[in-house]
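Asker:
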Amino acid sequence: MIYNIKIIAFFLSHVMKLKPNYMLKHGVAALLQTAITLLLVFLPSVAISALSNETSEAALLQVGIFLAVLFVLRLLYIQLMKTLRVEKEVVQSMLYDKISNDLLKTPYAQMENPDFLEQIHLGISPIEQLNVVGALALSIPKLLQSILVIFSVSFIVLEYDGLLILVILAVLLVNYMVNKLIVKMEMKDTKDSLKQNKEYWYYLSNYRNPQLAKDIRVYQMQPFLLKKLQEVFDVFLQSGYRLYGARNIRELVAKVMNVGLMIFMYVFLLYRSMQQDLAPEQLILIVNASLSLYASLNVLQTEYLQTYAQVVYLEEYKKLYDQIAAYTPKGDEVFDEPITSIVFDDVHFTYPGSDVEVLKGLSFSIDEKQTISLVGRNGLGKSTIIKLLSRLFEPTSGRILVNGKDIQSLDYDCYLKQLAIIFQDFRMFHYSIKENVTFNDVDEERLQFALHEADFEKELVKFSRGVDTACAKDMDADGVNLSKGQEQKLAIARSIYKQGSLMILDEPTASLDPLAEQEVFNHFKNITDTKLSIMISHRLSSCRSSDRIILIEDGIVKEDGSHDNLMNQDGVYATMYTLQGSKYQES
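Numbering of the sequence shown is given in my numbering, commencing with residue 9 and proceeding in unit increments.
#1: Provide the residue(s) that pair with Phe372 in DSSP beta bridges, ordered along the chain.
#2: Report, in whole angstroms, the separation of the C-beta atoms of Ile148 and Thr315, which I expect to be a contact under 8 Å.
#3: Between which two residues does the alpha helix (DSSP H) containing Asp572 stretch?
#4: Count the other CB atoms within 10 Å of the CB of Glu97; is the residue buried (16 or more) or exposed (fewer)?
#5: Just checking, does the region 362–376 make contact with the region 562–575 on the three C-beta pairs under 8 Å criterion?
#6: Check whether the region 19–35 and the region 142–159 are in contact - that is, three or more C-beta pairs closer than 8 Å.
#7: Taking the beta strand (DSSP E) that Leu540 falls in, what are its first and last residues?
#8: Within the continuous beta strand (DSSP E) that includes Ile560, where are the two ends?
#9: Considering only the beta carbon of each residue, do Leu111 and Ile441 sit closer than 9 Å?
#10: Can you give me the Cβ contacts of Asn121 inside the same chain, cut-off strictly under 8 Å, excluding the 5 residues immediately before and after it?
#11: Quick check: the region 534–548 against the region 377–394, are at least 3 beta-carbon pairs closer than 8 Å?
#12: By a C-beta neighbour count over all protein chains shown, 10 Å radius and 16 as the cutoff for buried, is Gln230 buried or exposed?
#13: Assuming contact is defined by CB atoms lying nearer than 9 Å, are Leu427 and Ile512 in contact in what I supplied?
#14: Out of Ala262, Asn296 and Asp482, point me to the one whose CA is closest to Ala178's CA.
#15: Classify Gly389 as helix, strand or coil using the three-state DSSP reduction.
#16: Use the C-beta contact count for Gln577: other C-beta atoms within 10 angstroms, 16 or more gives buried, fewer gives exposed.
#17: Only counting the same chain, and skipping five residues up and downstream in sequence, which positions put a Cβ closer than 7 Å to that of Asp344?
#18: Going by beta carbon distance, what residues of the same chain come within less than 6 Å of Val243, once the five residues before and after it are set aside?
#19: Could you say which of Val165, Gln100 and Gln153 lies nearest to Pro134 if we only look at CA atoms?
#20: To which residues of the same chain is Lys188 closer than 7 Å at the C-beta, ignoring the five residues directly before and after it?
#21: Using CA coordinates, which residue listed in Arg502, Leu212 and Met270 is at the minimum distance from Glu239?
#22: Flag this pair as yes or no: are the beta carbons of Leu39 and Leu78 separated by less than 9 Å?
#23: Would you mind giving the Cβ-Cβ distance between Ala43 and Leu92, rounded to the nearest angstrom? I have them listed as a contact below 8 Å.
#24: Helix, strand or coil for Ser472 per DSSP?
#25: Which residue wins for smallest C-alpha separation from Ile430, given the options Thr310, Gln318 and Arg502?
#26: According to DSSP, simplified to helix, strand and coil, what is Ile86?
#27: Measure from the alpha carbon of Lys235 to the alpha carbon of each residue in Arg473, Glu341 and Asn214, then state which is nearest.
#28: Using three-state DSSP, classify Thr114 as helix, strand or coil.
#29: Answer yes or no: do Ser16 and Ile292 have a C-beta to C-beta separation smaller than 9 Å?
#30: Report all residues from its chain with a CB closer than 8 Å to the CB of Arg258; omit the five preceding and five following residues, and keep chain order.
#31: Just confirm the distance between the C-beta atoms of Val94 and Gln70, as a whole number of angstroms; I'd bet it's less than 8 Å.
#32: Provide the residue span of the beta strand (DSSP E) that contains Gly248, from first to last.
#33: Check whether the region 293–301 and the region 155–171 are in contact - that is, three or more C-beta pairs closer than 8 Å.
#34: Who does Asp511 pair with in a DSSP beta bridge?
#35: Once the 5 residues before and after Gly508 are set aside, which same chain residues still bring their CB inside 6 Å of it?
#36: Could you check whether Asp514 and Lys390 sit closer than 9 Å to each other, using their CB atoms as the reference points?
Written out as structure tokens, the structure is:
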């Protein structure tokens, strides 16, 4: 019980920070509904009593006052609930935005962890799919309302006959046991469906993904995709039929018990009233109080079970936030100086969830404004070096220093401002060309310079809206689907625009032909003449213009020197360069 309260309190603390008066309004709504319920309990009795004991004018006045108060309270309640229905959507959107923003602050290493990605899906589902905001916002006030009504009317029923309360509780106990079984079944099916739902939407998205359209048609994958979609859909149907049958049983049991209770209640009250010679207004008051007590107790057990179900779903929400909160960025030293030196000092690294050590005591230093090329066979640590240098991962052991300072001790945001990186798997956003390069920091002159240096200016003349052209058609009908080569040039423009003191290119020109690639690297060399730059390329011919080449093999530096020096050593680099050159000559 205490654990459940803690989970609810954690979630509501987020809600109240975003919308402070949201739950307060629901509390007011609960009080209004309580007052309305109690007025309806007493109104018939008051009306009969007034008509029996007062003049017609006085009786009408009393009843009129009761009805007027009831009308005003009901009107206030209806208007408040209309407002809360709108605010529920607002709160839900605000919570979704909060989760999205908080996820952006999590380390990149977490985003490559499949367990964390699964937790994101489960943690967002209560907000995105299960309507926990609306369910809790209604359940908690209903619990409060039912407790207030039960407390108020119990004295009336107890004063008359406590046996009636025992019968009501016995009926509710049966309903509670049936409801509990159904709710547990619903919770299990809902949790299972959350995982299946992810598959369902993935298969469905395949149909409208333009990047898959050619493969689907050429390989005639339509029957295969339909089969996959149908398999998941069949699981949904089976779950739906199972729940539908269980809910029908619950409703049948509830109706039978309710009818039985009503019959017993009326017979019992009529019999007792004849014995005790109750006045009509007393009998009606007791009947209404008993009905209200039963209804409120029924609401109490129903909403308790619903709240319990929401808590189970919210556990996943809290687990997600526990994992997000576990990450605290290291380093607080302000770093606003250009990067002029880099040292890898006995760096070891193993990817999370893997037993394979990628870097095995890697050591090298760069202490001049040079263009450095990192080369080596695929999968042996070149891109890992860039990920470590950009603090997307932390070394398992060893240190990485810039300007003599351990990068883990530096303020993260300050440090990132010095880096301009084009990753091997870079992405373009479905925004305009200008926004893809500048984001929020727009400087037209700098933009034009970056586009020119990346050799993208000649591409702009093809687009009627120039730099305002969207980089996809799904967001803007006048947008364009850029070729991979165009995207790579735009990515280079983005890195140039940032003006970082360290520029890094991680195989950014893989989709360009050799001549276009060489042209880009010539531009790059001119731009980085006054700053430190690191380049990774699968075409070793592009490395010839680099001041220094570092060959990575088996997680360590195997060879280090200029192109001419390494060719004279006749080692691994010379062999790779000769083989690659002969292939180009053959083609």
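Cβ coordinates follow ideal geometry from the N, Cα and C atoms, glycine included.
Answerer: With the given structure in hand:
#1: Looking at the DSSP assignment, Phe372 forms a beta bridge with Phe352.
#2: Contact annotation, Ile148 with Thr315: C-beta distance approximately 7 Å; criterion of less than 8 Å satisfied.
#3: His571 to Gln577
#4: Counting C-beta atoms within 10 angstroms of its own C-beta, Glu97 has fewer than 16 neighbours from the protein chains shown and is therefore classed as exposed.
#5: yes
#6: yes
#7: Leu540 to Ile544
#8: Arg556 to Glu561
#9: no
#10: Pro360 and Gly361
#11: yes
#12: exposed
#13: yes
#14: Among Ala262, Asn296 and Asp482, the Cα nearest to that of Ala178 belongs to Ala262.
#15: coil
#16: So Gln577 counts as exposed.
#17: Correct list, in chain order: Cys422.
#18: Gln204
#19: Gln100
#20: Leu313
#21: Leu212
#22: no
#23: With 8 Å as the limit, Ala43 and Leu92 do not qualify as a contact, their Cβ atoms being about 17 Å apart.
#24: coil
#25: Arg502
#26: helix
#27: Asn214
#28: coil
#29: Sequence inspection shows Ile at residue 16; the Ser mentioned does not correspond to that position. Inclusion of Ile16 and Ile292 in the CB contact set at 9 Å is not warranted, their separation being larger than that value.
#30: Taking C-beta separations shorter than 8 Å and ignoring five residues to either side along the sequence, the partners of Arg258 in its chain run Val186, Asn187 and Ile190, following chain order.
#31: About 38 Å separates the CB atoms of Val94 and Gln70; that is not less than 8 Å, and the two are not in contact.
#32: Counting along the chain, Gly248 falls outside any beta strand (DSSP E), though it belongs to the alpha helix (DSSP H) covering Gln230 to Gln284.
#33: yes
#34: What sits at residue 511 in the sequence shown is Met, not Asp. According to DSSP, Met511 bridges with Ala428 and Ser541.
#35: Take Gly508, set aside five residues on each side of it, and the residues of its chain with a beta-carbon closer than 6 Å to its own are Gln426, Leu427 and Ala428, in chain order.
#36: yes
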